[in-house]
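Enquirer: Structure provided below as structure tokens; questions to follow.
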Amino acid sequence: MANDQSNSANPNVNLKYRRKKNAEEMKHQVITFTLMIFFTLLAFLAVAYDGFSHWFIVPFILLLAAVQVAFQLYYFMHMKHRGHNTIALFMYSGALVGAITILTFITITWI
Amino acid sequence: MSTYAQKKGFGATVWDYLTTVDHKKIAILYLIAGGLFFVVGGLEAMFIRIQLAVPDNDFISAGLYNEILTMHGTTMIFLAAMPLVFAFMNAVLPLQIGARDVAFPFVNALGFWLFFFGGVFLNLSWFLGGAPDAGWTSYASLSLHSEGHNVDFYVLGLQISGIGTLIGGINFLATIINMRAPGMTYMRMPLFTWSSFVVSALILFAFPPLTVGLVLMMFDRMFGSNFFDATAGGNTIIWEHLFWIFGHPEVYILILPAFGIFSEIFATFSRKRLFGYSSMVFATVLIGFLGFMVWAHHMFTVGMGPIANAIFAVATMAIAVPTGIKIFNWMFTMWGGSIKFTTPMLYATAFIPSFVAGGVTGIMLAAAPADYQYHDSYFVVAHFHYVIVGGVVFGLLAGTHFYWPKMFGTMLNEKLGKISFWLFLIGFHLTFFIQHFLGLMGMPRRIFTYLPGQGFETGNLISTVGAFFMAVAVLILLINIIMTSIKNERVGNDPWEDGRTLEWAIPSPPPFYNFKQLPLVRGLDAYWVEKMEGKNGMTPAEPLGDIHMPNSSILPLVMSFGLFVAAFGAMYHVDDKSWAIPVLVIGLLITFGAMFIRSVKDDHGFHIHKEDLLDDDDKGAKA
């Protein structure tokens, strides 16, 4: 249900439309894939290059990682498509609960 | 009728239940296994109360008392309350949303068998050198120093049954999200389904911390690591945090389904729509969410510091708000209703003041400075028994009476039901009310005896008398069940006559495919809506067609049995037994072999053909 792209029972009706959709989808995947490889290269370069301090490298790599996770979820695992609201809700509420727990440990209580 | 409903011999029936993937039969398995463990845990409670009835008692020794006390708590929470909750979720939830089964019937069976073998493993400790004796919380500073295999049984048994619970929860989530009947929007779901939904989400998020904690504990005790050993650079408090990050949501996992059952009962027997349905949903979700923000209130005296204590105290008190919303909604549901005091309704009515009493002491305990006084005293024991017995157990007993006709097709005797209700209610308050005062007078919890002249005699004796009332009540319930089963007077679709939700629109017990045609849901309390328009049953949402059903399978049992065997290997490995590692390997091979078979062998299920379904109609059965 959630992954059903077609909005007609007859597959021939929308064939042209779906062809176009799929081509566009493929383009997105290739672009994001290239970007992800590029980000990985950037991460390695940032570590290899001597001129940067740790205070730049660590947040920079984490930022790249976050973007990669978003690409992974939204483009490769199709979360940008319709019908993924419940999944998003669960993922984000889980992440929120986890984040609050970690925040608790690093701010107000010792382990 | 075709081959589906022939009379079967005893052996065939047993085989049927061992291999079943039908949610209604799995519900019965959960009910039987949970009921069995409930009786075991109850017996342990009776031993505790007999030991404490008089001062300086030597009915059981101190060491054995620790084991009985630990097993009482562990059994009641993990092996009685959880599976009984799952029994009702399995029995009712798919029917309430108009589904033919849960999303993954095979996984559902696997969940049951994992729980069952975990529970059996835990209880085998009684015969294999002694049961766990570090309390149901099994704090690492204590449990790491427990000699013998006692705590190993706890670690491995709970790990196995915990996996079962986790996959059961995921299964219900998938079911509710994907398998609602046409027209069954989220805001038309009955409240029991809603609370099961929130509970399944809590299971999804709360059980992994327990799994992690148990894995660390397993490595500490069996494979030589030092996660919790402060002398070797570990930290014993990590266990407490992990346990309570799981443990606090766990108590909401138990109470929310009870809230759901009560919501159904209040609406049914007040013959009114549930007051403030949307605020009930909101409150349920909010309780679930806040349940993750309060775990450290179990650890006020650990020494987390004033800031942590203050924040967790306030967060804990905040939970009283959504709970209060629910309490008032239930009372407003009754207000102006045409109330029928059946046994379930009696339990529901008695639940309100009992649970509120437990909630009030909860607020007292949430006040961190005051908690230093209450901590580890019988006041805490009184508090959590008021919420768990007065909430969860009342809910489960109410649910047993309420859903019995839907699960088994017979009505429990109302007269015996009411007798057992009154005995249980009186016994419950007699047992636990006095314990508040015992605690305030200074009686520590988990203590195996006390001296005469400390002022604890009368209170403890009263408490023990109350426990016997509860035992008699449970006995009468068992007699009631046996009598009802022997008499076997069949009832129709809607034996309470005021059923509101979908499950009452189909026969009791429902046919194995539940709905011949999926029903069209036209509002909250779908069946009630149709009744009010003078219709006999639900409007079908689809033409009659072939129904696809899953095949039965023995593999869930085999997979779980493999882990059960492996657990023995892991445990006796500590003693340098030569057979331990082979047993571990064989057990894991059984499990992974069964998983491999499941993955490789195609199992497409079977179809019930339209003609067979039409056949049923001719003989007078209704869908």
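Those sequence lines, one after another, are chains E and L.
For the first sequence, this note's numbering assigns the number 2 to the initial residue and increments by one for each residue that follows.
For the second sequence, this note's numbering assigns the number 12 to the initial residue and increments by one for each residue that follows.
For glycine and all other residues, C-beta sits at the position ideal for the given N, C-alpha and C.
#1: Can you give the Cα-Cα distance for Ala319 of chain L and Ile109 of chain E, rounded to whole angstroms?
#2: Just reading off the alpha helix (DSSP H) that Ile565 of chain L is part of, what are its end residues?
#3: I think Pro193 of chain L touches Leu535 of chain L, with their Cβ atoms under 8 Å apart; what is that distance to the nearest whole Å?
#4: Short check: CB of Met570 of chain L to CB of Thr602 of chain L, under 8 Å?
#5: Within 8 Å of any Cβ in chain E, is that where the Cβ of Ile318 of chain L sits?
#6: Does Phe216 of chain L get closer than 8 Å to chain E when you measure Cβ to Cβ?
#7: State the start and end residues of the unbroken beta strand (DSSP E) segment that holds Ile619 of chain L.
#8: State the DSSP-derived secondary structure class of Ser474 of chain L, mapped to helix, strand or coil.
#9: Under the assumption that Val32 of chain L contacts Ser563 of chain L (Cβ atoms under 8 Å), give the Cβ distance between them as a whole number of angstroms.
#10: Closest Cβ-Cβ distance between Ile109 of chain E and chain L: below 8 Å?
#11: Would Phe91 of chain E count as contacting chain L if we go by Cβ distances under 8 Å?
#12: Pick out the complete alpha helix (DSSP H) segments inside the segment 199-229 of chain L, 4 residues or longer, and give them in chain order.
#13: Kindly indicate which residue of L:Leu106, L:Trp137, L:Ala151, L:Ala217 has the alpha-carbon position closest to the one of Gly246 of chain L.
#14: Applying the criterion that 16 or more other CB atoms from any shown protein chain within 10 Å of the CB defines a buried residue, is Arg60 of chain L buried or exposed?
#15: What does the alpha-carbon distance come out to for the pair Gly74 of chain L and Arg457 of chain L?
#16: Could you compute how far the alpha carbon of Leu121 of chain L sits from the alpha carbon of Lys351 of chain L?
#17: So what does DSSP say about Ile517 of chain L, is it helix, strand or coil?
#18: Give me the Cα-Cα distance between Ser236 of chain L and Leu155 of chain L, rounded to the nearest whole angstrom.
#19: In the DSSP output, which residue or residues are listed as bridge partners for Pro530 of chain L?
#20: Is it buried or exposed for Trp515 of chain L, if we count other Cβ within 10 angstroms and need 16 for buried?
#21: Helix, strand or coil for Ser72 of chain L, going by three-state DSSP, please let me know.
#22: Just to check my reading of the structure: Gly258 of chain L and His308 of chain L have Cβ atoms closer than 8 Å, yes? What is that Cβ distance to the nearest angstrom?
#23: Which residue from L:Glu261, L:Asp67, L:Thr30 puts its Cα closest to that of Glu468 of chain L?
#24: Quick check on Gly95 of chain E - is its C-beta less than 8 Å from some C-beta in chain L?
#25: Using DSSP bridges, identify the partner residues of Ser388 of chain L.
#26: How many whole angstroms separate the CB atoms of His440 of chain L and Gly428 of chain L, which I take to be in contact at a CB cut-off of 8 Å?
#27: Based on Cα-Cα distance, which residue from L:Ser496, L:Val404, L:Gly616 lies nearest to Leu95 of chain L?
#28: Which of the three DSSP states is assigned to Arg20 of chain E in this structure?
#29: Since Lys542 of chain L is in the alpha helix (DSSP H), which residue starts that stretch and which ends it?
#30: From Ile517 of chain L to Ile187 of chain L, what does the alpha carbon distance come to, in whole angstroms?
#31: Let me check one thing: in DSSP terms, what residues is His559 of chain L bridge-paired to?
#32: Taking Cβ-Cβ distances shorter than 7 Å, what residues in chain L pair up with Ile103 of chain E?
#33: Would you tell me roughly how many angstroms separate the C-alpha atoms of Met291 of chain L and Gln69 of chain E, rounded to the nearest one?
#34: Can you tell me whether Thr421 of chain L is helix, strand or coil according to DSSP?
#35: If we ignore side chains and look at the alpha-carbon of each, how far apart do Ala185 of chain L and Pro105 of chain L end up?
#36: At which residue ranges does the segment 341-382 of chain L contain complete alpha helix (DSSP H) runs of 4 or more residues, listed in the order of the chain?
Expert: Put simply:
#1: Taking the second sequence and counting its residues from 1, the one referred to as residue 319 of chain L is at position 308. Taking the first sequence and counting its residues from 1, the one referred to as residue 109 of chain E is at position 108. A direct Cα-Cα distance of roughly 5 Å separates Ala319 of chain L from Ile109 of chain E.
#2: In the second sequence, residue 565 of chain L corresponds to position 554, counting from 1. Element bounds for Ile565 of chain L: n/a, residue is neither H nor E.
#3: Here residue 193 of chain L refers to the residue found at position 182 when the second sequence is read from its first residue. Here residue 535 of chain L refers to the residue found at position 524 when the second sequence is read from its first residue. 15 Å between Cβ atoms; not a contact.
#4: As a first step, residue 570 of chain L is located in the second sequence; it is residue number 559 there, counting from the start. As a first step, residue 602 of chain L is located in the second sequence; it is residue number 591 there, counting from the start. Contact flag set, yes.
#5: Here the question's residue 318 of chain L lines up with position 307 in the second sequence. Using a Cβ-Cβ cut-off of 8 Å, Ile318 of chain L counts as an interface residue toward chain E, since at least one Cβ of chain E sits closer than that to its own.
#6: Within the second sequence, residue 216 of chain L is the residue found at index 205, counting from 1. Yes - at least one Cβ of chain E is within 8 Å of the one on Phe216 of chain L.
#7: Residue 619 of chain L sits at position 608 when you count from the first residue of the second sequence. Taken as a continuous stretch (DSSP letters only), the beta strand (DSSP E) holding Ile619 of chain L covers 617-619.
#8: Within the second sequence, residue 474 of chain L is the residue found at index 463, counting from 1. If DSSP states are grouped into helix, strand and coil, Ser474 of chain L belongs with the helices.
#9: As a position in the second sequence, residue 32 of chain L is number 21, starting the count at 1. As a position in the second sequence, residue 563 of chain L is number 552, starting the count at 1. Contact annotation, Val32 of chain L with Ser563 of chain L: C-beta distance approximately 6 Å; criterion of less than 8 Å satisfied.
#10: As a working mapping, residue 109 of chain E is identified with position 108 in the first sequence. Residue-level contact check: Ile109 of chain E touches chain L, since one or more beta carbons of chain L fall below 8 Å from its beta carbon.
#11: Reading the first sequence from its first residue, position 90 is the one you call residue 91 of chain E. Judged by the 8 Å Cβ criterion, Phe91 of chain E is in contact with chain L.
#12: Counting whole runs of 4 or more residues, the segment 199-229 of chain L contains no alpha helix (DSSP H) stretch at all.
#13: Numbered from 1 along the second sequence, position 235 holds the residue referred to as residue 246 of chain L. The sequence as given places Asn at residue 246 of chain L; Gly does not occur at that position. The shortest C-alpha separation from Asn246 of chain L is found at L:Ala151.
#14: Locating residue 60 of chain L in the second sequence gives position 49, counting from the first residue. Arg60 of chain L comes out buried.
#15: Taking the first residue of the second sequence as position 1, residue 74 of chain L is located at position 63. Taking the first residue of the second sequence as position 1, residue 457 of chain L is located at position 446. Taking the straight line from one Cα to the other gives about 11 Å.
#16: Here residue 121 of chain L corresponds to residue number 110 of the second sequence, with the count starting at 1. Here residue 351 of chain L corresponds to residue number 340 of the second sequence, with the count starting at 1. If you take the alpha carbons of Leu121 of chain L and Lys351 of chain L, they lie about 40 Å apart.
#17: Start at 1 with the first residue of the second sequence, and residue 517 of chain L comes out as number 506. It is coil, neither helix nor strand.
#18: Taking the first residue of the second sequence as 1, we reach residue 236 of chain L at position 225. Taking the first residue of the second sequence as 1, we reach residue 155 of chain L at position 144. Cα to Cα, the separation comes out at about 11 Å.
#19: For the purposes of this step, residue 530 of chain L is taken as the residue at position 519 of the second sequence. Secondary-structure assignment with DSSP links Pro530 of chain L through a beta bridge to L:Pro551.
#20: For the purposes of this step, residue 515 of chain L is taken as residue 504 along the second sequence, with counting starting at 1. It counts as buried.
#21: The count along the second sequence starts at 1 and reaches residue 72 of chain L at position 61. Of the three classes helix, strand and coil, the one that applies to Ser72 of chain L here is coil, per DSSP.
#22: By 1-based counting over the second sequence, the position of residue 258 of chain L is 247. By 1-based counting over the second sequence, the position of residue 308 of chain L is 297. Their Cβ separation, rounded to whole angstroms, is 11 Å, which puts Gly258 of chain L and His308 of chain L out of contact at 8 Å.
#23: The residue given as residue 468 of chain L occupies position 457 in the second sequence. It is L:Asp67 whose Cα lies nearest to the Cα of Glu468 of chain L.
#24: For the purposes of this step, residue 95 of chain E is taken as the residue at position 94 of the first sequence. Interface residue, yes.
#25: In the second sequence, the residue the question calls residue 388 of chain L occupies position 377. Note: Ser388 of chain L sits in a beta bridge opposite L:Pro455.
#26: By 1-based counting over the second sequence, the position of residue 440 of chain L is 429. By 1-based counting over the second sequence, the position of residue 428 of chain L is 417. The Cβ separation is near 19 Å, so there is no contact.
#27: As a first step, residue 95 of chain L must be located in the second sequence, where it is residue number 84. Checked all of L:Ser496, L:Val404, L:Gly616; the closest Cα to Leu95 of chain L is L:Val404.
#28: Here residue 20 of chain E refers to the residue found at position 19 when the first sequence is read from its first residue. Helix at Arg20 of chain E.
#29: Position 531 of the second sequence, counted from the first residue, corresponds to residue 542 of chain L. Note, Lys542 of chain L: alpha helix (DSSP H), 537-543.
#30: Within the second sequence, residue 517 of chain L is the residue found at index 506, counting from 1. Within the second sequence, residue 187 of chain L is the residue found at index 176, counting from 1. The straight-line gap from Cα to Cα measures roughly 19 Å.
#31: Stepping through the second sequence from its first residue, residue 559 of chain L is reached at position 548. Partner(s): L:His618.
#32: Walking along the first sequence from the start, residue 103 of chain E turns up at place 102. Per Cβ cutoff of 7 Å: no residues; Ile103 of chain E is ~11 Å from chain L at best.
#33: Looking up residue 291 of chain L in the second sequence gives position 280. Looking up residue 69 of chain E in the first sequence gives position 68. So the two alpha carbons sit approximately 39 Å from each other.
#34: Working through the second sequence from its first residue, we reach residue 421 of chain L at position 410. If DSSP states are grouped into helix, strand and coil, Thr421 of chain L belongs with the strands.
#35: As a first step, residue 185 of chain L is located in the second sequence; it is residue number 174 there, counting from the start. As a first step, residue 105 of chain L is located in the second sequence; it is residue number 94 there, counting from the start. Each residue's Cα considered, the two are about 11 Å apart.
#36: Here the runs fully enclosed are 354-377.
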